[in-house]
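Quick note: the sequence shown uses full-length UniProt numbering, first residue 1, plus one each step. Backbone N, C-alpha and C define an ideal beta-carbon position, used for all residues, glycine too. Treat the numbers as computed from the prediction; the structure is a model and nothing was measured. Worksheet: the structure to be examined is printed underneath.
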Amino acid sequence: MSKLKIAVQKSGRLHDDSMKILKEIGISIDNGKDQLKASARNFPLEVFYLRNGDIPQYLKDGVVDAAIIGENVLIEKGNDITIVERLGFSKCKVSIAVPKSSDAKRLKDLEGKRIATSYPNTVNQFLKKQGVKANLHIINGSVEIAPNIGLADGICDIVSSGSTLFKNGLKEIEVLLKSEAVLTTSPKISADNQAIINKIQFRLKSVLKGRQSKYVLLNAPNDKVKNIIDILPGMKSPTVLPLAIEGWSSVHSVINKGEFWEIIDELKANGAESILVCPIENMVL
Ligand SMILES: Nc1ncnc2c1ncn2[C@@H]1O[C@H](COP(=O)(O)OP(=O)(O)OP(=O)(O)O)[C@@H](O)[C@H]1O
Ligand SMILES: O=P(O)(O)OC[C@H]1O[C@H](OP(=O)(O)OP(=O)(O)O)[C@H](O)[C@@H]1O
Ligand SMILES: [Mg+2]
């Protein structure tokens, strides 16, 4: 039977959340952080622990069939690789930043200047698009220090909270792209392994949808139920069940996590009592 080879970052920002999401879709992998390879116990899957930056090449060569990888690295190194699913973690930006004292306000203002980065293809693509010529200094780490040591006039690197920029006296002037962890496949994936990826994708969708939603249960007097149903969207329509006490009902529904507090306030204002809100593990639509 065919086994899907999936690459996961060996250690770093993506590792823990990648392993967590595989676990949440019901795949048990013996902990293999110090190994290069581990097999799933209950799914036709082999995990290869690799460096994030090396994964696009392994995908291109068909050494692995799939990977969980930072989208920014894919943009930098893996143009013809398909994104199967965006996974919603390791969200960050790839941005241009300059010293706080600099007059530069956008990428165009770095014409003829030096930009330090670990993402030369990404920067070159944007320079070309905007018709700007700049000199790139490719460095592999601690990019934010480059302007302070006189190596560059600006940088292009990952920004998340912005605290690394702040600590180094830099300001963001242009966001080149937004990134998150993604599930990708090799252009050389076989039909059998594509069928395994389809199974994984189906499970991921249900976990990701569940993460975005909450299950709400509440009690309300029967004469308020109509108003409450109008507030609650539900998957098809809310469930209404009679309570043991005369004249009262229990209403159950699924709501979007983002709208959660507004909806709770509205429910209370419309007579809902004893509101319970529970997380949803999976949602199969
Ligand atoms: N500060 C951050 N906040 C959120 N996501 C980040 C942050 N830094 C990096 N990432 C995302 O996580 C990915 C992995 O980053 P990490 O720093 O762990 O490894 P790396 O230096 O790209 O990799 P490797 O050594 O594995 O080749 C990045 O490609 C990016 O998508
Ligand atoms: O905006 P912030 O929240 O400060 O995050 C941005 C920083 O995070 C990443 O570095 P990381 O901590 O992964 O270290 P690394 O350079 O060793 O990869 C990235 O290279 C930035 O330096
Ligand atoms: Mg890093």
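In this structure, I158 has its CB closer than 6 Å to one or more heavy atoms of ligand 2. Apart from sequence neighbours up to five positions away, the residues of its chain that approach I21 with a beta-carbon distance below 8 Å are I68, L87, F89, L204, V207, ordered along the chain. The C-alpha of E266 is placed about 47 Å away from the C-alpha of A104. When distances are taken from the beta-carbon of G141 to the heavy atoms of ligand 2, the shortest one is below 6 Å.
The beta-carbon separation of L4 and N193, rounded to 5 Å, stays under the 8 Å limit for a contact. Distances between the C-beta of L14 and the heavy atoms of ligand 1 include at least one below 6 Å. Listed in chain order, the alpha helix (DSSP H) runs fully inside the UniProt domain "ATP phosphoribosyltransferase catalytic" (51-205) are 55-61, 71-77, 120-129, 163-167, counting runs of at least 4 residues. At a cut-off of 6 Å, the beta-carbon of N42 does not count as near ligand 1: no heavy atom of the ligand is closer than that.
Close CB contacts of G78 within its chain, under the 7 Å cut and outside five residues either way in sequence, are with P56, L59, K60 (chain order).
With respect to the C-alpha of L241, the residue from F126, I139, V225 having the closest C-alpha is V225. In the three-state reduction of the DSSP assignment, I21 falls in the helix class, which pools H, G and I.
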